[in-house]
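Peer 1:
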Ligand SMILES: [Zn+2]
């Protein structure tokens, strides 16, 4: 009986040693310790033995069981820790799979380029919430009470604030200029800051108009400054961004918050001023309105117009990007079409 048990142990350990997979270990476990195993048969045949033999055989069988259990667990752990995570053999000579690489949107790129140019001239970067109020987007900026921009047709008003006072009557900002008074009220003058952001207009979408688009406004408030020095600054900024000499001209323009106001044009870079589809054949592109700050706006910002002066420029980011790349449809920028966007990587 004792020899028989030694044989079972020796053969069992050999079987365990030969296993190579977790499945094989499970098979061997069943084979060595299951209902039909040699070990179980020995235990079942103990009834014919003497009490002393029963005790010895029982003890030996338990030892063997424990030994098998321990070795099977060790073997299983060894197989699992050596197992490759790959289903197939690894071939280091195969070409890799390329990972998709993102890029900044062309409008964001332009915005960053302008930031660099303005910050190098000592401007501060300011930002504001997209939701503003009638007081800040119209009243403070000298818009007449019956100005069409105040109508439901032109501005997105926030439901539920219709009957509130001007400060609490909320809307999606139709322009950035309202933020200038908020900043001046907060930090006072002198000031020079830029405040890029998205603005909203309730209008029909076509190749030149969008319901939401980006503006990039810059403002200077100081003593004794003229708009002609502003024009030099605009030329400097554009030349920094485009990396070449840029011709700029001013025409008279009217905006409630300026006096006088100007439209600032730059020479079309696509055709060099000769006339093309992008500039609608006139050789110039309107890139920004601007002007000297209206005295009423300075008053709204608690500044004395006799003491302070200043000017705005409001750069149409999309227009500049259209100039940079010769894009002729503004809707492409917000289309989310990767075939278009991938060209700007
Ligand atoms: Zn042109």
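In the working numbering, the protein residues as written are 680 to 1024.
Note that beta-carbon positions come from the ideal geometry of N, C-alpha and C, so glycine has one too.
Everything numeric in this text was worked out from a predicted model, so none of it was measured.
#1: Cβ atoms of residue 904 and residue 988: under 7 Å apart, would you say?
#2: Please report the distance separating the alpha-carbon of residue 1020 from that of residue 1000.
#3: Helix, strand or coil: how does DSSP classify residue 961 here?
#4: Are three or more beta carbon pairs between the stretch 850-859 and the stretch 815-829 nearer than 8 Å?
#5: Would you kindly check if the distance between the Cβ of residue 971 and the Cβ of residue 990 is under 7 Å?
#6: If I'm right that residue 918 touches residue 925 with Cβ under 8 Å, what's the distance once you round it to whole angstroms?
#7: Closest by CA to residue 944, which one among 950, 929, 1003, 951?
#8: Looking only at its own chain, which residues have a Cβ that is under 6 Å from the Cβ of residue 803, when we skip the five neighbours before and after it?
#9: If you measure from the CB of residue 850, is any heavy atom of ligand 1 nearer than 6 Å?
#10: Which whole runs of the beta strand (DSSP E) in the stretch 967-1012 are 3 residues long or more, in chain order?
#11: Could you work out which residue in 927, 875, 714, 826 is closest to residue 786 when comparing CA atoms only?
#12: First and last residue of the beta strand (DSSP E) that includes residue 811?
#13: Can you tell me which of 721, 708, 954 puts its alpha carbon nearest to the alpha carbon of residue 682?
#14: Report yes if the CB atom of residue 1025 is closer than 7 Å to the CB atom of residue 907, and no otherwise.
#15: By DSSP, does residue 893 sit in helix, in strand, or in coil?
#16: CA-CA distance, residue 910 and residue 964?
#17: Indicate whether residue 833 and residue 881 have their beta-carbon atoms separated by less than 7 Å.
#18: In this structure, what does DSSP give as the bridge partners for residue 872?
#19: Would you mind sorting residue 799 into buried or exposed? The rule is 16 or more other CB atoms within 10 Å of its CB.
#20: Got a sec? Which residues, its chain only, sit under 7 Å from residue 863 by beta carbon, not counting five neighbours each side?
#21: In three-state terms, what does DSSP make of residue 850?
#22: Hey, could you find the ends of the beta strand (DSSP E) residue 927 is sitting in?
#23: Indicate the three-state DSSP secondary structure (helix, strand or coil) for residue 941 in the structure shown.
#24: Pull the bridge partners of residue 877 from the DSSP assignment, please.
#25: Which runs of the alpha helix (DSSP H), 4 residues or longer, sit entirely within the stretch 705-759?
#26: Pull up the CB-CB distance for residue 1012 and residue 788, whole angstroms please, since I reckon it's below 8 Å.
Peer 2: In short, the structure shows the following:
#1: Counting from 1 along the chain shown, the entry for residue 988 is found at position 309. Counting from 1 along the chain shown, the entry for residue 904 is found at position 225. The answer is yes: Cβ separation under 7 Å.
#2: Numbered from 1 along the chain shown, position 341 holds the residue referred to as residue 1020. Numbered from 1 along the chain shown, position 321 holds the residue referred to as residue 1000. Straight-line Cα distance between these residues: approximately 12 Å.
#3: Position 282 of the chain shown, counting from 1, holds the residue named residue 961. The answer is coil: DSSP assigns residue 961 none of H, G, I, E or B.
#4: yes
#5: Translated into the one-based positions of the chain shown, residue 990 becomes position 311. Translated into the one-based positions of the chain shown, residue 971 becomes position 292. Cβ distance < 7 Å, so residue 990 and residue 971 count as in contact.
#6: The sequence position of residue 918 within the chain shown is 239, counting from 1. The sequence position of residue 925 within the chain shown is 246, counting from 1. Contact flag correct, Cβ pair sits at about 5 Å.
#7: For the purposes of this step, residue 944 is taken as residue 265 along the chain shown, with counting starting at 1. Closest option to residue 944, Cα to Cα, is 929.
#8: Taking the chain shown and counting its residues from 1, the one referred to as residue 803 is at position 124. 872.
#9: For the purposes of this step, residue 850 is identified with residue 171 of the chain shown, where counting begins at 1. Every heavy atom of ligand 1 is 6 Å or more from the Cβ of residue 850, so no.
#10: 988-995
#11: As a first step, residue 786 must be located in the chain shown, where it is residue number 107. Nearest option by C-alpha distance: 875.
#12: On the chain shown, position 132 is the one that residue 811 refers to. Where residue 811 is concerned, the enclosing beta strand (DSSP E) stretches over 810-812.
#13: Locating residue 682 in the chain shown gives position 3, where the first residue counts as 1. Nearest option by C-alpha distance: 721.
#14: This structure cannot speak to residue 1025, because the chain is shown only from 680 to 1024.
#15: To locate residue 893, count along the chain shown from 1; it is residue 214. Here residue 893 sits in strand by DSSP.
#16: As a working mapping, residue 910 is identified with position 231 in the chain shown. As a working mapping, residue 964 is identified with position 285 in the chain shown. Rounded to the nearest angstrom, the two C-alpha atoms are 16 Å apart.
#17: Looking up residue 833 in the chain shown gives position 154. Looking up residue 881 in the chain shown gives position 202. Cβ distance < 7 Å, so residue 833 and residue 881 count as in contact.
#18: In the chain shown, residue 872 corresponds to position 193, counting from 1. Paired residues: 803, 898.
#19: Your numbering for residue 799 matches position 120 in the chain shown. By the 10 Å Cβ count, residue 799 comes out exposed.
#20: For this step, residue 863 is matched to residue 184 along the chain shown. Contacts found: 870, 900, 980, 982.
#21: Stepping through the chain shown from its first residue, residue 850 is reached at position 171. It is a strand residue.
#22: Within the chain shown, residue 927 is the residue found at index 248, counting from 1. Taken as a continuous stretch (DSSP letters only), the beta strand (DSSP E) holding residue 927 covers 927-932.
#23: The residue given as residue 941 occupies position 262 in the chain shown. Three-state DSSP puts residue 941 in a strand.
#24: As a first step, residue 877 must be located in the chain shown, where it is residue number 198. Its beta-bridge partners are 893.
#25: 717-723
#26: Counting from one through the chain shown, the residue named residue 1012 turns up at place 333. Counting from one through the chain shown, the residue named residue 788 turns up at place 109. Residue 1012 to residue 788, Cβ: 12 Å. No contact.
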